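Visitor: Below is the structure I would like to discuss, written out as structure tokens.
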Ligand SMILES: Cc1cc2nc3c(=O)[nH]c(=O)nc-3n(C[C@H](O)[C@H](O)[C@H](O)COP(=O)(O)O)c2cc1C
């Protein structure tokens, strides 16, 4: 596992080479097996290959045009209706402070990390992106207002292995028994 963790980098430059459905399904299988609170499994994934759709998504995602060198995007959604039932016309977005929404986003983030790590294991590059507003992404993919877009992942064969970004030291983040 530590090998895949060490191998994973945010890749922002991809080869002009397709990614097979089999590989995509292996990524989603890794996501499917992720843990979640109450085993709610609140995640959904939209696999996007269409250039036109990827262009619209990259544009909504702060015009990050580098994304377009990736042949596949995976749009990762948290489904609030797994926690909030019987509320008609449920609308969630960045301003929603409800705990249930935090729960489904938390769980979906775990599944997303499974995707990133499984991709590294398969030699694929990925980058989690999140520089968009819900209201801009939803209409592109016909996403209902009770789903939250947790991340748009680029997936492809890396054109280069980026150097590793710095991390805080273990000492900085570790506390024994209590905060201080
Ligand atoms: C929630 C989230 C959102 C991110 N959004 C973007 C983004 O919009 N654009 C981008 O280039 N990288 C994005 N990143 C990648 C981070 O910049 C990257 O993970 C961080 O710098 C550490 O580098 P590494 O992933 O190569 O270890 C995002 C990562 C996360 C986890």
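Residue numbers (my numbering): 409 to 588. Ideal Cβ positions, reconstructed from N, Cα and C, are used throughout, including at glycine. The structure displayed is predicted, hence computed values, not measured ones.
1) Provide the residue span of the alpha helix (DSSP H) that contains residue 467, from first to last.
2) Buried or exposed: residue 471, going by 16 or more other Cβ atoms within 10 Å of its Cβ?
3) Using a threshold of 6 Å, is the CB atom of residue 588 nearer than that to any non-hydrogen atom of ligand 1?
4) Please say whether residue 453 and residue 432 have beta carbons closer to each other than 7 Å?
5) Give every residue of the same chain whose Cβ lies closer than 6 Å to the Cβ of residue 566, excluding the five residues on either side of it in the sequence, and list them in chain order.
6) Does the region 522 to 531 touch the region 497 to 508, meaning 3 or more C-beta pairs lie closer than 8 Å?
7) Under 7 Å Cβ to Cβ from residue 490, same chain only, skipping five residues before and after it: list those, please.
8) Under 8 Å by Cβ, that's how I've got residue 518 and residue 442 pegged, so tell me the actual separation to the nearest angstrom.
9) If you count every other CB in all the chains shown that lies within 10 Å of the CB of residue 552, and 16 or more means buried, which is it?
10) I want to check one thing, is the minimum distance from the CB of residue 428 to the heavy atoms of ligand 1 below 6 Å?
11) Nearest-angstrom Cα distance between residue 521 and residue 430?
Guide: From the atom records:
1) 459 to 468
2) exposed
3) No, Cβ of residue 588 sits at least 6 Å from all heavy atoms of ligand 1.
4) Residue 453 is positioned such that its CB atom lies no closer than 7 Å to that of residue 432.
5) 419, 533
6) Touching, no, given that fewer than three Cβ pairs across the two stretches are closer than 8 Å.
7) 448, 450, 512
8) 5 Å
9) Exposed: under 16 other Cβ atoms inside 10 Å.
10) no
11) 19 Å
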